[in-house]
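In full-length UniProt numbering, the protein residues as written are 1 to 151. All C-beta atoms, glycine included, are put in the ideal place defined by N, C-alpha and C. Small disclaimer: the values here were computed from a predicted structure and weren't measured. This report concerns only the one structure given below.
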């Protein structure tokens, strides 16, 4: 079985983000990356990742994923109601999501973007040194959709 996260629902928009592609403006490439880099760094720090590891950026909540293989995760940014297999969990804490369990992020009462980091990061292939989705330039992975498996 391949280890990772199965995307079941994305809400309005969910993308893979890291700290972007700084230093490529001369090539016409924008920085892109996480809209809230402080929250991305905090989520990564909580699970023991390097600060710039790739994570999921969920806009206005609505993300639901199923875990393959069991992971440690953290959710930061806009405070969202969190459920693991229907049980409420606290944001800004380290969660163990067992194999087969579902993590559901509700809509935030304030703020726009929340970050789901998992120990080891999201291992999509890098493009120009970054794993970030840049929807304007069409770089990096496509926005997430149900059925995607994130390694």
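Count the other CB atoms, across all protein chains shown, that sit within 10 Å of the CB of residue 141; report buried if there are 16 or more and exposed otherwise. For the purposes of this step, residue 141 is taken as residue 141 along the chain shown, with counting starting at 1. It is buried - the Cβ of residue 141 has at least 16 other Cβ atoms within 10 Å.
For residue 119, name the three-state secondary structure that DSSP assigns. Here residue 119 refers to the residue found at position 119 when the chain shown is read from its first residue. Of the three classes helix, strand and coil, the one that applies to residue 119 here is coil, per DSSP.
Go through its chain and collect everything with a Cβ distance to residue 146's Cβ below 8 Å, but skip five positions before and after it. Position 146 of the chain shown, counted from the first residue, corresponds to residue 146. Hits under 8 Å: 7, 8, 9 and 10.
Determine, using beta carbons only, whether residue 128 and residue 24 come nearer to each other than 9 Å. Within the chain shown, numbered from 1, the residue matching residue 128 stands at position 128. Within the chain shown, numbered from 1, the residue matching residue 24 stands at position 24. Yes.
So, at 6 Å on beta carbons, what are the nonlocal neighbours of residue 150 in its own chain, with the 5 sequence-adjacent residues on each side left out? Position 150 of the chain shown, counting from 1, holds the residue named residue 150. Result list for residue 150: 4, 5 and 122, in chain order.
Which of the three DSSP states, helix, strand or coil, is assigned to residue 141? Indexing the chain shown from 1 puts residue 141 at position 141. Correct three-state label for residue 141: coil.
Do residue 72 and residue 56 have their CB atoms nearer than 9 Å? The count along the chain shown starts at 1 and reaches residue 72 at position 72. The count along the chain shown starts at 1 and reaches residue 56 at position 56. No, Cβ-Cβ distance for residue 72 and residue 56 is not below 9 Å.
Quick one: is residue 29 buried, meaning 16 or more other Cβ sit within 10 Å of its Cβ, or exposed? Counted from its first residue, the chain shown places residue 29 at position 29. Residue 29 is buried by the Cβ-count criterion.
According to the neighbour-count rule (16 or more other Cβ atoms, all chains shown, within 10 Å of its Cβ), is residue 93 buried or exposed? Residue mapping note: residue 93 aligns to position 93 of the chain shown, counting from 1. Under this definition residue 93 is an exposed residue.
Which of helix, strand or coil DSSP assigns to residue 26: Position 26 of the chain shown, counting from 1, holds the residue named residue 26. Residue 26: helix per DSSP, three-state reduction.
Between the alpha carbons of residue 85 and residue 119, how many angstroms are there, rounded? Taking the chain shown and counting its residues from 1, one reaches residue 85 at position 85. Taking the chain shown and counting its residues from 1, one reaches residue 119 at position 119. Their Cα atoms are separated by approximately 19 Å.
Cβ atoms of residue 18 and residue 52: under 9 Å apart, would you say? For the purposes of this step, residue 52 is taken as residue 52 along the chain shown, with counting starting at 1. For the purposes of this step, residue 18 is taken as residue 18 along the chain shown, with counting starting at 1. Yes, they are a contact pair.
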